[in-house]
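Read in the UniProt record's numbering, the sequence shown has 210 at position 210, and its numbers run on one by one without any break.
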Amino acid sequence: MTIAYCTNDAIKKNVDDIRQAINSGPNKHKAYDKLAYIVDTFGPRMWAQPSMALAVDYLYNQIQSWDATKTGLVEVRLEELDEISTWVRGSEQLILKSPRKRPQKLGMIGLGLIVPGNIKDGEVVVVRNWGELDEKGKADKIKGKIVCYNVAWTTYDDLKFYRQQGPDRASAYGAIAVLLRSVASFSIYSPHTGNVRYSGTTPKIPAAAITVEDAEMLQRMQDRGQKITVDLELNSEMKASKSHNIIAEIKGQQYPNQIILMGGHFDSWDTGSQTGAMDDGAGTLVTLEALKVVADLGIRPLRTLRWIAWSGEEMGLPNNGNQHYAKYHGDEDHVVALENDVGQLTAIGFGFSGKLQTSRMVRQLIMNYIPELSVVNENDGSGVDTKPLGDKGVPLMRNIYKDPNDDYYFKYHHSAGDTMNILNPDEMDSNVFAISSMMYIIADNPERLPK
């Protein structure tokens, strides 16, 4: 039997202390409270824009003020990204002209990274899927019109391509703009945004998300043979800017060059007054509190425990936070990397992507120390920000819940409904414990995870 499969009394005690500190001690509900202050004070944190810069400075200064930072246990730094440009939203509106007897303003929001556009009396053609788009495009029913994708919810991974690729595919048939039924598992008249990905092989056309309810309404209008026309105004621009990743870490006492990484992305969209509470302010603050619990207990594990607030995940533009980290830290010895970015329901375990022997050791460590988190989903550990590390062979993890399709998360994802009200302090704490204990165990276990 190897060391890895034996329970270590010191690790067990520290895990018990971590649990107590979160469940009934000084760290109880702290992730929620700190997040609420940031959300309430700074609002949405669009990448490389003033509100995000203020929030980054605030969070960095908060970490600097920790007792563990002042004593030298925690080290914190800002890392400025290389030259970047960010997308800035301008004025937007969508007016339904016909078949309404009087013009009616519809709920909408421009998709991220779109080109601007101003269309008067544009005729709308509704399609339910790629097949209908191709059928109508080949019949020359798309040219010069606005395509509305009214695609019913299945899963986010199925439908995100309509947002990302929909403008290009409609443009190939001569469309002048796109309206997208929001990619959401549920709606109470809430448009959900997200970015588009122009390929450069077709003319770039503007695109906006509309509500599920209005997409269904346009479908009904078309089905009964009514002509649909709208005015669509979408203004935006690209601007040179600056942004930073925040990194805080406890250096390992024996293997400081072996890194256990955890974090979330600190940027958000701008659909509402609190957008970015769940996605991904919660993931960022939960993982930060996971580090702070260990620091508050005065624990310095064998390996380095590192936290990061990635910058720029939502827009995914060149030189964003995950690309910067991979460029300047990707060749460091990462033992594992965990990203927390799909909500904060009660944690039941982890998704894992990596070699089978590594997965087996993770499972055994869980059974030894945190058996209540025994669910491990194979090939389910990757995240947008950790993927560049995974491409280099680093094992990847994420925290998971009893919501296999993440339907709860996608009710609010990228919408004005992403607020503090949809988060629960106890559920957030369950993730603080899951991540803090798991990352600490890997960092302090005598035998490292296999590469």
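We treat Cβ as the ideally placed atom computed from N, Cα and C, and that holds for glycine.
Q: Decide if the segment 139-148 is in contact with the segment 103-112; the criterion is three or more beta carbon pairs, one per stretch, under 8 Å apart.
A: As far as the Cβ criterion goes, the segment 139-148 does not touch the segment 103-112, which means the pair count is below three.
Q: Out of VAL125, GLY25 and PRO50, point me to the one whose CA is closest to ASP270's CA.
A: For the purposes of this step, residue 270 is identified with residue 270 of the sequence shown, where counting begins at 1. Answer by Cα proximity: PRO50.
Q.
According to DSSP, ASP270 sits in a beta bridge with which residue or residues?
A. Working through the sequence shown from its first residue, we reach residue 270 at position 270. DSSP output for ASP270 lists no bridge partner at all.
**Q.** Exposure label - TYR369; buried when at least 16 CB within 10 Å
**A.** By 1-based counting over the sequence shown, the position of residue 369 is 369. That one is buried.
**Q.** Cβ separation of VAL183 and HIS192, assumed to be a contact under 8 Å, to the nearest whole Å
**A.** In the sequence shown, the residue the question calls residue 183 occupies position 183. In the sequence shown, the residue the question calls residue 192 occupies position 192. Right, the Cβ-Cβ distance comes to about 6 Å (below 8 Å), so this counts as a contact.
Q: Output the distance between the C-alpha atoms of ILE422 and ASP267, rounded to the nearest integer angstrom.
A: The count along the sequence shown starts at 1 and reaches residue 422 at position 422. The count along the sequence shown starts at 1 and reaches residue 267 at position 267. Cα-Cα distance, rounded: 18 Å.
Q: In angstroms with no decimal places, state the Cα-to-Cα distance between HIS29 and ASP16.
A: Counting from one through the sequence shown, the residue named residue 29 turns up at place 29. Counting from one through the sequence shown, the residue named residue 16 turns up at place 16. Their backbone Cα atoms lie some 18 Å apart in a straight line.
Q.
Residues in the same chain with beta-carbon distance under 7 Å from ASN129, minus the five sequence neighbours each way, listed in chain order, please.
A. Residue 129 sits at position 129 when you count from the first residue of the sequence shown. These residues qualify, in order along the chain: VAL151.
Q.
Taking 8 Å as the limit between beta carbons, can you name the residues of its chain near ASP403, skipping five residues before and five after?
A. On the sequence shown, residue 403 is found 403 positions in, with the first residue counted as 1. Closer than 8 Å at the Cβ level, and outside the excluded window around ASP403, lie GLY343, LEU345 and TYR409.
Q.
In whole angstroms, give me the CA-to-CA distance for GLY276 and LEU81.
A. Numbered from its first residue, the sequence shown carries residue 276 at position 276. Numbered from its first residue, the sequence shown carries residue 81 at position 81. Taking the straight line from one Cα to the other gives about 21 Å.
Q | Straight-line gap, ILE3 to HIS413 (C-alpha atoms, nearest Å) | A | One-based indexing of the sequence shown puts residue 3 at position 3. One-based indexing of the sequence shown puts residue 413 at position 413. Here ILE3 scores only 44 on pLDDT, less than 50, and its place in the model should not be relied on; the value that follows carries that caveat. The straight-line gap from Cα to Cα measures roughly 43 Å.
Q: Please look up how many angstroms separate the CB atoms of GLU75 and GLU289, rounded, as I've assumed it's under 8 Å.
A: If you number the sequence shown from 1, residue 75 lands on position 75. If you number the sequence shown from 1, residue 289 lands on position 289. The Cβ separation is near 18 Å, so there is no contact.
Q) Which parts of the segment 123-178 are runs of the beta strand (DSSP E), unbroken and 3 residues or longer, counting only runs that do not cross its ends? A) Correct list: 146-149.
(Q) Let's test the definition: count the other Cβ atoms within 10 Å of the Cβ of residue 453 and tell me whether it reaches 16, buried, or not, exposed. (A) The question about residue 453 has no answer, for the chain in this structure spans 1 to 451.
Q) Is the distance from the Cβ of ARG300 to the Cβ of GLN258 below 7 Å? A) Locating residue 300 in the sequence shown gives position 300, counting from the first residue. Locating residue 258 in the sequence shown gives position 258, counting from the first residue. Not a contact, by the Cβ cut-off of 7 Å.
Q: Would you tell me roughly how many angstroms separate the C-alpha atoms of PRO44 and LEU59, rounded to the nearest one?
A: The residue labelled residue 44 in the question sits at position 44 within the sequence shown. The residue labelled residue 59 in the question sits at position 59 within the sequence shown. The straight-line gap from Cα to Cα measures roughly 15 Å.
Q) Is the distance from the Cβ of PHE433 to the Cβ of MET397 below 7 Å? A) Looking up residue 433 in the sequence shown gives position 433. Looking up residue 397 in the sequence shown gives position 397. For PHE433 and MET397, no; Cβs fall outside 7 Å.
Q) Between the segment 52-69 and the segment 226-246, are three or more C-beta pairs nearer than 8 Å? A) Short answer: they touch.
Q: Report the residue from GLU314, SER24 and GLY330 whose alpha carbon sits nearest the alpha carbon of MET52.
A: For the purposes of this step, residue 52 is taken as the residue at position 52 of the sequence shown. Of GLU314, SER24 and GLY330, the smallest CA-CA separation from MET52 is found for GLU314.
Q.
Given this structure, state the Cα-to-Cα distance separating LEU218 from ILE228, to the nearest angstrom.
A. Along the sequence shown, read from residue 1 onward, the residue named residue 218 stands at position 218. Along the sequence shown, read from residue 1 onward, the residue named residue 228 stands at position 228. One Cα belongs to LEU218, the other to ILE228, and the distance between them is close to 7 Å.
Q | Residue range of the alpha helix (DSSP H) that includes LYS327 | A | Indexing the sequence shown from 1 puts residue 327 at position 327. From DSSP, the alpha helix (DSSP H) with LYS327 extends over 321-329.
(Q) Taking the beta carbon of SER236 as the centre, do at least 16 other beta carbons fall within 10 Å, making it buried, or is it exposed? (A) Translated into the one-based positions of the sequence shown, residue 236 becomes position 236. Its Cβ being crowded by 16 or more others within 10 Å, SER236 is buried.
Q. Taking the C-alpha atoms as reference points, what is the distance between SER374 and MET438?
A. Indexing the sequence shown from 1 puts residue 374 at position 374. Indexing the sequence shown from 1 puts residue 438 at position 438. Straight-line measurement puts the Cα of MET438 at about 11 Å from the Cα of SER374.
Q.
Taking its Cβ as the centre, do 16 or more other Cβ atoms sit within 10 Å of ASP9, making it buried, or is it exposed?
A. If you number the sequence shown from 1, residue 9 lands on position 9. With fewer than 16 other Cβ atoms inside 10 Å of its own Cβ, ASP9 counts as exposed.
**Q.** Beta-bridge partners of SER241, as assigned by DSSP
**A.** For the purposes of this step, residue 241 is taken as the residue at position 241 of the sequence shown. Beta-bridge pairing links SER241 to ILE84.
**Q.** Assigned secondary structure, ASP121 (DSSP; H/G/I helix, E/B strand, else coil)
**A.** Translated into positions along the sequence shown, residue 121 becomes position 121. For ASP121, the three-state secondary structure derived from DSSP is strand.
Q | Residue(s) in a DSSP beta bridge with GLY112 | A | Translated into the one-based positions of the sequence shown, residue 112 becomes position 112. Partner(s): ASN195.
Q: Indicate the three-state DSSP secondary structure (helix, strand or coil) for ASP333 in the structure shown.
A: For the purposes of this step, residue 333 is identified with residue 333 of the sequence shown, where counting begins at 1. Correct three-state label for ASP333: strand.
Q. Can you tell me the Cα-Cα spacing of PRO446 and TRP66, whole angstroms?
A. By 1-based counting over the sequence shown, the position of residue 446 is 446. By 1-based counting over the sequence shown, the position of residue 66 is 66. In this structure, the alpha-carbon of PRO446 lies about 28 Å from that of TRP66.
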